[in-house]
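Taking full-length UniProt numbering, the leading residue of the sequence shown gets 1, the next gets one more, and so forth. Glycine included, each C-beta is placed from N, C-alpha and C at the ideal position.
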Amino acid sequence: MNSFSEILRSNSQPLQPIPTDQPAELRQLPGIRAVLFDIYGTLLVSGSGDVGTAMEMTKGDALEAAWEASGVQCSVPADEMIAQLYNVIQDDHKIATKRGTSYPEVVIEEIWEKVFDGPMRRGQVELPCDFDMKLFALEFETRVNPVWPMPDLREVLTTLHQRDYTLGIISNAQYFTPKIVETFLESTLEENGFRPENCFFSYEHRVAKPGTELYEAAAKSLADQGIDACHILYVGNDMLNDIQPASQIGMKTALFAGDRRSLRLRKDDARMLPMHPDVTLTRLSDILACLPR
1 MNSFSEILRS NSQPLQPIPT DQPAELRQLP GIRAVLFDIY GTLLVSGSGD VGTAMEMTKG
61 DALEAAWEAS GVQCSVPADE MIAQLYNVIQ DDHKIATKRG TSYPEVVIEE IWEKVFDGPM
121 RRGQVELPCD FDMKLFALEF ETRVNPVWPM PDLREVLTTL HQRDYTLGII SNAQYFTPKI
181 VETFLESTLE ENGFRPENCF FSYEHRVAKP GTELYEAAAK SLADQGIDAC HILYVGNDML
241 NDIQPASQIG MKTALFAGDR RSLRLRKDDA RMLPMHPDVT LTRLSDILAC LPR
């Protein structure tokens with residue numbers, strides 16, 4: 001199979017954010033010591049808006065292309081396999097919900113293993129000897145949800161790091177998500193100021209946003225470093241998944257409204273509480289104007 005970087009390079013092409021009608025609302029935010037980011041739709045331009053949204057927009061032709069690239073021989077129609085993918089995800093969510101998880105997250109390579117299991121036992125799927133389920137998941141994901149670095153990403157991260165802000169991530173994600181960011185940055189997250197103890201990915205904890213668990217874990221980690229929640233700024237593109245839970249934990253919030261594909265205002269969502277972000281950004285670089293030098 002192709003390597004991680006080969007798959008990403010083959011299935012990626014420049015994407016520009018589509019401007020929104022949301023006006024920027026910028027002001028100085030004194031006292032901020034840490035900046036935490038969402039990834040899809042914030043650090044990365046996302047062709048479908050989010051990793052979760054991508055799963056709702058998949059098509060059989062993307063799966064067939066992933067099969068071909070991975071050397072998979074499958075006699076089951078692609079649309080049937082996609083339907084089974086959704087069924088397995090729903091079953092996994094139901095089990096986790098019964099155990100008390102309000103917003104469960106799947107580990108996508110485990111889901112694909114379950115999807116392949118039945119057809120393989122029936123002789124309907126044949127895998128090459130070098131098959132890797134994680135790389136297959138990437139082959140599929142990069143076709144249904146193409147991504148590209150948000151404009152000024154590298155410069156913004158470099159500037160914040162140079163200004164000695166503690167950087168972190170809270171994101172609905174799969175194993176490939178942080179690796180995609182690192183590939184685009186051509187350096188590790190840690191080299192860009194993102195220490196592992198300040199990065200919280202849904203697949204690792206098996207819980208997803210808009211639940212507050214990841215935010216609570218991040219707040220505790222930063223509190224152990226002497227940074228209270230009121231001194232943390234969280235940046236995300238979704239009012240429900242990002243702004244609301246961060247606000248509930250006591251963090252300051254920045255709504256990134258720089259791309260029409262991914263901006264989620266959620267005005268008609270019954271789960272939304274009445275709240276307003278502390279600032280609204282229409283370019284990622286706007287954040288630098290809100291934070292003291």
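Between the CA atoms of Ile287 and Glu68 - distance to the nearest angstrom: Position 68 of the sequence shown, counted from the start, is the residue given in the question as residue 68. Position 287 of the sequence shown, counted from the start, is the residue given in the question as residue 287. Glu68 and Ile287: Cα-Cα distance of roughly 42 angstroms.
For Pro104, which option in Ile111, Glu110, Ile95 has the closest C-alpha, if you only look at C-alpha atoms? Along the sequence shown, one-based indexing puts residue 104 at 104. Of all alpha-carbon atoms in Ile111, Glu110, Ile95, the one lying nearest the alpha-carbon of Pro104 is that of Ile95.
Any chance the segment 197–207 sits against the segment 261–270, with 3 or more Cβ pairs inside 8 angstroms? No, the segment 197–207 is not in contact with the segment 261–270.
Between Asp259 and Pro14, is the Cβ-Cβ spacing less than 8 angstroms? The residue labelled residue 259 in the question sits at position 259 within the sequence shown. The residue labelled residue 14 in the question sits at position 14 within the sequence shown. Pairing Asp259 with Pro14 gives a Cβ-Cβ distance that is not under 8 angstroms.
Using the Cα positions of Leu29 and Pro151, report the straight-line distance between them to the nearest angstrom. In the sequence shown, the residue the question calls residue 29 occupies position 29. In the sequence shown, the residue the question calls residue 151 occupies position 151. Going by the C-alpha atoms only, they are around 23 angstroms apart.
Starting from Asn198 and walking both ways along the beta strand (DSSP E), at which residues does that stretch end? On the sequence shown, residue 198 is found 198 positions in, with the first residue counted as 1. Start and end: 194–201.
Would you report the Cα separation of Pro23 and Thr282, rounded to the nearest angstrom? Mapped onto the sequence shown, residue 23 falls at position 23. Mapped onto the sequence shown, residue 282 falls at position 282. In a straight line, the C-alpha of Pro23 is about 7 angstroms away from that of Thr282.
Please look up how many angstroms separate the CB atoms of Val35 and Val147, rounded, as I've assumed it's under 8 angstroms. Along the sequence shown, read from residue 1 onward, the residue named residue 35 stands at position 35. Along the sequence shown, read from residue 1 onward, the residue named residue 147 stands at position 147. With 8 angstroms as the limit, Val35 and Val147 do not qualify as a contact, their Cβ atoms being about 21 angstroms apart.
CA-to-CA distance, Leu63 to Phe116, given in whole angstroms: For the purposes of this step, residue 116 is identified with residue 116 of the sequence shown, where counting begins at 1. For the purposes of this step, residue 63 is identified with residue 63 of the sequence shown, where counting begins at 1. Cα to Cα, Phe116 sits roughly 13 angstroms from Leu63.
Is the beta carbon of Met1 sitting closer than 8 angstroms to the one on Gly71? Your numbering for residue 1 matches position 1 in the sequence shown. Your numbering for residue 71 matches position 71 in the sequence shown. Closer than 8 angstroms, so yes.
Contact between the segment 224–244 and the segment 175–182: three or more CB pairs below 8 angstroms? Contact fails: fewer than three Cβ-Cβ distances are below 8 angstroms.
The segment 118–136 in contact with the segment 151–161 per 3-pair CB rule at 8 angstroms: The segment 118–136 vs the segment 151–161: no contact.
Taking the beta strand (DSSP E) that Pro149 falls in, what are its first and last residues? As a working note, residue 149 is residue 149 in the sequence shown. Its beta strand (DSSP E) spans residues 147–149.
For Lys59, the first and last residue of its enclosing beta strand (DSSP E): Locating residue 59 in the sequence shown gives position 59, where the first residue counts as 1. Careful: Lys59 lies outside any beta strand (DSSP E) and carries neither H nor E.
Locate the alpha helix (DSSP H) running through Phe140, then write down its first and last residues. In the sequence shown, the residue the question calls residue 140 occupies position 140. Looking at the DSSP string, the run of the alpha helix (DSSP H) that includes Phe140 is 133–144.
Beta strand (DSSP E) segment containing Tyr165, residue limits: Position 165 of the sequence shown, counted from the start, is the residue given in the question as residue 165. Note, Tyr165: premise wrong, no beta strand (DSSP E); not H, not E.
Could you check what DSSP says for Ala218 in three-state terms: helix, strand or coil? Residue 218 sits at position 218 when you count from the first residue of the sequence shown. In this structure, DSSP gives Ala218 a helical state, which the three-state scheme calls helix.
Close beta carbons around Leu185, own chain, < 7 angstroms, minus the five adjacent residues each side: Walking along the sequence shown from the start, residue 185 turns up at place 185. Contacts found: Arg154, Asn192.
Identity of the residue in Ala289, Phe4, Gly41 nearest Glu139 by Cα: As a first step, residue 139 is located in the sequence shown; it is residue number 139 there, counting from the start. Minimum Cα-Cα distance from Glu139 among the listed residues Ala289, Phe4, Gly41 corresponds to Phe4.
Using a Cβ-Cβ cutoff of less than 7 angstroms, which residues in the same chain neighbour Ala229 once the five nearest sequence positions on both sides are dropped? Indexing the sequence shown from 1 puts residue 229 at position 229. The residues Ala219, Ile249, Gly250, Met251, in chain order, have a CB closer than 7 angstroms to that of Ala229 in the same chain once the five nearest residues on each side in sequence are set aside.
Who are Pro23's beta bridge partners in DSSP? Stepping through the sequence shown from its first residue, residue 23 is reached at position 23. Answer is none; Pro23 lacks a bridge partner.
Assuming contact is defined by CB atoms lying nearer than 8 angstroms, are Arg33 and His231 in contact in what I supplied? Start at 1 with the first residue of the sequence shown, and residue 33 comes out as number 33. Start at 1 with the first residue of the sequence shown, and residue 231 comes out as number 231. Yes, these two residues count as a Cβ contact at 8 angstroms.
Proximity below 8 angstroms, CB of Val88 to CB of Lys114: Counting from 1 along the sequence shown, the entry for residue 88 is found at position 88. Counting from 1 along the sequence shown, the entry for residue 114 is found at position 114. Lys114 is positioned such that its CB atom lies closer than 8 angstroms to that of Val88.
Closest Cα partner of Ser262 within the set Arg99, Thr166, Ile39: Position 262 of the sequence shown holds residue 262. For the residues Arg99, Thr166, Ile39, the minimum Cα distance to Ser262 belongs to Ile39.
Where the beta strand (DSSP E) containing Tyr86 begins and where it ends: Position 86 of the sequence shown holds residue 86. Premise fails: Tyr86 lies in the alpha helix (DSSP H), 78–98, not in any beta strand (DSSP E).
For the ligand GTP, is there a heavy atom less than 7 angstroms away from the beta-carbon of Ala270? This structure simply doesn't include the ligand GTP, nor any ligand for that matter.
Over the uninterrupted beta strand (DSSP E) stretch that includes Thr280, give me the two end residues. One-based indexing of the sequence shown puts residue 280 at position 280. Where Thr280 is concerned, the enclosing beta strand (DSSP E) starts and stops at 279–281.
If I measure Cβ to Cβ from Leu135 and keep anything under 6 angstroms in the same chain, skipping five residues before and after, which residues do I get? Residue numbering aside, residue 135 sits at position 135 when the sequence shown is read from its first letter. In its chain, beyond the 5 residues on either side, Met1 have a beta carbon closer than 6 angstroms to the beta carbon of Leu135.
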